[in-house]
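So for the sequence shown, this note's numbering puts the first residue at 22; every next one is plus one.
In this text, a Cβ means the ideal position worked out from N, Cα and C, and glycines have one as well.
None of these values were measured; they are calculated from a predicted model.
As structure tokens, the structure follows; a few thoughts come after it.
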Amino acid sequence: MLFDTHAHLACTQLAGDTDDVIRRAREAGVQRILAVGADLATSAQSVSIAAAYPGVYAAAGIHPHDALAASAGGVSAADPSHPAWAAIRQWAERGEIVALGEIGLDYYYDLTPAPLQRDVLKLQLQLAAELDLPVVLHNRESDEDMLQILRSSPAGLRGVLHCYLGGPALRDWALEHGLYRGVAGPVTFRKMDALLDSVAATPLDRILIETDAPYLTPHPLRGKRNEPAYVRLTAERVAELYGLTLEAFAQRTTENACQLFRVA
Numbered sequence: 022m023l024f025d026t027h028a029h030l031a032c033t034q035l036a037g038d039t040d041d042v043i044r045r046a047r048e049a050g051v052q053r054i055l056a057v058g059a060d061l062a063t064s065a066q067s068v069s070i071a072a073a074y075p076g077v078y079a080a081a082g083i084h085p086h087d088a089l090a091a092s093a094g095g096v097s098a099a100d101p102s103h104p105a106w107a108a109i110r111q112w113a114e115r116g117e118i119v120a121l122g123e124i125g126l127d128y129y130y131d132l133t134p135a136p137l138q139r140d141v142l143k144l145q146l147q148l149a150a151e152l153d154l155p156v157v158l159h160n161r162e163s164d165e166d167m168l169q170i171l172r173s174s175p176a177g178l179r180g181v182l183h184c185y186l187g188g189p190a191l192r193d194w195a196l197e198h199g200l201y202r203g204v205a206g207p208v209t210f211r212k213m214d215a216l217l218d219s220v221a222a223t224p225l226d227r228i229l230i231e232t233d234a235p236y237l238t239p240h241p242l243r244g245k246r247n248e249p250a251y252v253r254l255t256a257e258r259v260a261e262l263y264g265l266t267l268e269a270f271a272q273r274t275t276e277n278a279c280q281l282f283r284v285a
């Protein structure tokens, strides 16, 4: 039984045929999926999807790409009075979300000024601590600032470095402090020896498997829209790195995910 710990089920590329996407996932042995939000709208949609499909859970948050757009209504996303934070609190109180995400930093694309990204991330880390929820962290070309922010984050931080492709300093700090590493489609791509070595050096009890659907489709399906069913391809490749059968690897990584997100 596989657990896709990161899928954008509410995005436009997947939202039109959710029934079929979930059905194909089930047929591929993917019994659990975390539907992640990127802004207030997709977070709300993820909550609705999770309510409609057993084994699907929701995460809510503001992605670094969306932090500037979320501030367009006159209230900065870095302001505690922004409506997104009240909504997230309400979902958490109702037990409708199991994590805050997708949140983080992205310095590759210039969609939100870096200072605003950092402020919004800090606010969400504080909110996660108050709500006792783990975080799903996006990090792209921002290792140094991410590490600095995490080091000063509230005690008891729980979470996962989603689709981690960064350097060893942030990775090692995260693992030493109990965070997990998410592994996605790039581990199946050609000429990714450094990534394979990095993943293989990660303790198995810190590994989660994900698709990041509809993005990062694993080989040999690159070029197609990604979806949770394809997490099996990533799991097969990573299981090889650990010398495990797919079944044993799936069981362990599902246990990891259930522990992090506190789902039975």
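- In summary, PRO85 is buried, with 16 or more beta-carbon neighbours lying within 10 Å of its beta-carbon over all protein chains present.
- At a Cβ-Cβ threshold of 8 angstroms, LEU200 and LEU182 count as neighbours.
- Distance from ALA205 to THR232 at the Cβ level is roughly 6 angstroms; contact confirmed, criterion being Cβ atoms closer than 8 angstroms.
- In this chain, the beta strand (DSSP E) harbouring TYR78 covers 77-81.
- In the structure shown, HIS86 adopts helical secondary structure according to DSSP, grouped into three states.
- Residue ranges of uninterrupted alpha helix (DSSP H) with 4 or more members, entirely inside the stretch 127-199 and ordered along the chain, are 135-152, 164-172 and 189-197.
- With respect to ARG179, TYR185 sits apart: the two C-beta atoms are not nearer than 8 angstroms.
- DSSP places TYR263 inside the alpha helix (DSSP H), whose first and last residues are 252-263.
- Close CB contacts of TYR129 within its chain, under the 6 angstroms cut and outside five residues either way in sequence, are with ARG161 and GLU162 (chain order).
- Contact between PRO249 and ALA46 holds: their C-beta atoms lie close to 4 angstroms from each other, under 8 angstroms.
- Nearest in C-alpha terms to LEU30, of all of ALA71, ALA90, THR255 and GLU48, is ALA71.
- The beta carbon of VAL119 lies closer than 8 angstroms to those of LEU55, TYR78, ALA79, ALA80, LEU154, PRO155, PHE282, ARG283 and VAL284 in the same chain, with the five residues before and after it left out.
- At the C-beta level, ALA36 and GLN66 come within 8 angstroms of one another.
- Straight-line measurement puts the Cα of GLU114 at about 38 angstroms from the Cα of LYS245.
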